[in-house]
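See below for the structure under consideration.
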Amino acid sequence: KLICEWNAGAKETVTAIATHPLSSDLCVAGFSNGLIVEMDLRSGELHNIAAPLPNEKIIKIVGNVRSDNSISFIAGTQNSSCIIWEDLFRCSILKLDTNSSLNDFDAHQHSPLIALSTTKSYPVLADYNGSIIHSFKEAGTNAVCSFHPVLPNIMCGST
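Heads up: the sequence shown runs through residues 4 to 162, numbered per my numbering.
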């Protein structure tokens, strides 16, 4: 059942959306111009509006519940950057591959782990500091990645 429709207030195309990991009343939208908007679905109010990387299309947003129950979000951009934030005005930005576009990424919901796959290199497992923990050379390039929602398992696949 559709309850309501919301306007995120931007004139650009929404390219990614995610619900808050602990509250179905909150969501985050990413746009083709790099804008990120957090929205309270109960009131329709927009919060925490910023574009940490202007003009970098947001391709995916994932929520993460940290061990202290604080929430962070991770957004992947087309130019192979990841934006990690609890507050968009105090975010950190990871740039792992400057030579190719981000094909897919996922972040574990409870651990500080990110899997990234670009169009020209193997998928990698990295931490929130950008340190590469492992390269998935068997998966090939241009792969898709998905974490198990609870266990520290990751799946990667390509052609």
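Backbone N, C-alpha and C fix where the C-beta goes; we use that ideal spot for every residue, glycine too.
- [ ] Would you grab the beta carbon distance between Pro24 and Gln81 for me? Rounded to a whole angstrom, and I think it's under 8 Å.
- [x] Pro24 to Gln81, Cβ: 24 Å. No contact.
- [ ] Could you pull out every residue in the same chain whose Cβ sits closer than 7 Å to the Cβ of Phe92, ignoring the five residues on either side in sequence?
- [x] Excluding positions up to five away in sequence, the list reads Ala53.
Task: Per DSSP, the bridge partner or partners of Asp109 - done: According to DSSP, Asp109 shares a beta bridge with Ala118.
- [ ] Grab the span of the beta strand (DSSP E) containing Asn156 for me, first residue to last.
- [x] Premise fails: Asn156 is in no beta strand (DSSP E) and is neither H nor E.
Open item on the list: Quick check on the burial criterion: 16 or more other C-beta atoms within 10 angstroms. Buried or exposed for Val31?
Closed with: Looking at its Cβ environment, which holds 16 or more other Cβ atoms inside 10 Å, Val31 is buried.
Open item on the list: Looking at the secondary structure, which residues open and close the beta strand (DSSP E) in which Leu97 lies?
Closed with: From DSSP, the beta strand (DSSP E) with Leu97 extends over Ser95 to Lys98.
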